[in-house]
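J.: If you're matching positions, the sequence shown starts at 45 in the numbering used here and goes up one per residue.
Each residue gets a CB set at the ideal place from its N, CA and C atoms; glycine is no exception.
Structure below; questions to follow.
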Amino acid sequence: MPKVIPEYKEKAKQRIIEAATRAFAQNGYHQTSMDNIAELLGVSKGAIYQYFKSKQQLFFDVFQSALIVQKDEVMSIILSDNPLYIASEEFFETKISRARSFGLDMFLEAARNEAIKTRMTKIYDRSYAEFTKHVEDLKNQGVIKRSADVGVVWRGLIALRDGLLSSVFLGADTSDAKKTWQKVATLLLNEILVKETG
């Protein structure tokens, strides 16, 4: 078997993860097969198995990739001229779109499958540890208050997001949910940001 150039292997893995994300979003975890993902890529199922030994392993990598994207997105917004964009109705609208497409299915699957739940928890904990490391850097840069308990604020934002998303999916008015997000998320973010804004 010919050797694969490492850079090519990473690009190939990323393409598979992106296709799997689309497939899981469209069909859900159970309804998605490796054949579906291979079809999206225009390759054989065997080509995917060279990189991922099972659909479950691919699912974990999709979850990890999603967390990295979210962390990078939040960090870039905090470092921007408008860190309170996180508290905007527009930002919350992107959360609704993502959750409709994939997020809820991930968490429903974890609720049904203890092995998936355990693995997802480990991935989440690792991602959170990386996030808190970045937060310490932001404290040293004077972007976040040195005394701020970022963990409490972060968990508050997650609970607020998840609660509001659940209410929207159960039929609550989306505009009310977005207004609630904007007001409460602003209060939470002002707890940690050095430059408070209204």
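Would you check if the distance between the CB atom of LEU123 and the CB atom of SER171 is smaller than 7 Å?
T.: Not closer than 7 Å, so no.
J.: Roughly how many whole angstroms lie between the Cα atoms of GLY242 and ALA155?
T.: In this prediction, GLY242 has a pLDDT of 49, which is less than 50 and means its spatial position is unreliable; what the coordinates show is noted afterwards. C-alpha separation (whole angstroms): 38 Å.
J.: Tell me the DSSP secondary structure of LEU204 in three-state form.
T.: Three-state DSSP puts LEU204 in a helix.
J.: Rounding to the nearest angstrom, what Cα-Cα distance links HIS74 and ILE202 in this structure?
T.: Rounded to whole angstroms, HIS74 to ILE202 spans 26 Å at the Cα level.
J.: Run the CB neighbour count on LYS222, radius 10 Å, all protein chains shown included, and call it buried at 16 or more, exposed below.
T.: Counting Cβ neighbours within 10 Å, LYS222 comes out buried, since at least 16 surround it.
J.: How is the alpha helix (DSSP H) around GLY90 delimited, first residue to last?
T.: Unbroken alpha helix (DSSP H) run through GLY90: 89 to 93.
J.: To the nearest angstrom, how far is it from the Cα of LYS183 to the Cα of ARG205?
T.: Straight-line Cα distance between these residues: approximately 24 Å.
J.: Can you say whether ASP116 is buried or exposed, counting buried as having 16 or more other CB atoms within 10 angstroms of its CB?
T.: By the 10 Å Cβ count, ASP116 comes out exposed.
J.: On the CB-based measure, 16 or more other CB atoms within 10 Å of its CB, does THR76 come out buried or exposed?
T.: By the neighbour-count rule (16 or more Cβ atoms within 10 Å), THR76 is buried.
J.: Provide the residue span of the alpha helix (DSSP H) that contains TYR168, from first to last.
T.: 158 to 185 is the span of the alpha helix (DSSP H), which, as asked, contains TYR168.
J.: With contact counted as at least three CB pairs below 8 Å, one residue from each stretch, are the segment 95 to 115 and the segment 123 to 137 in contact?
T.: Flag = no, the segment 95 to 115 and the segment 123 to 137 do not touch.
J.: Roughly how many angstroms separate the alpha carbons of GLN58 and LEU85, rounded to a whole number?
T.: Distance between the alpha carbons of GLN58 and LEU85 is about 11 Å.
J.: Mapping DSSP to helix, strand and coil, what is ILE188?
T.: Looking at ILE188 - three-state DSSP - the assignment turns out to be strand.
J.: When you compare each of VAL228, LYS189, ALA64, PHE107 to THR165 by their alpha carbons, which one comes out closest?
T.: Checking every option, the nearest Cα to that of THR165 belongs to PHE107.
J.: Using a Cβ-Cβ cutoff of less than 6 Å, which residues in the same chain neighbour VAL228 once the five nearest sequence positions on both sides are dropped?
T.: Only LEU204 meet the Cβ criterion.
J.: What are the residues that DSSP puts in a beta bridge with LEU237?
T.: Answer is ILE188, bridged to LEU237.
J.: In whole angstroms, give me the CA-to-CA distance for ILE81 and ARG190.
T.: Going from the Cα of ILE81 to the Cα of ARG190 covers about 46 Å.
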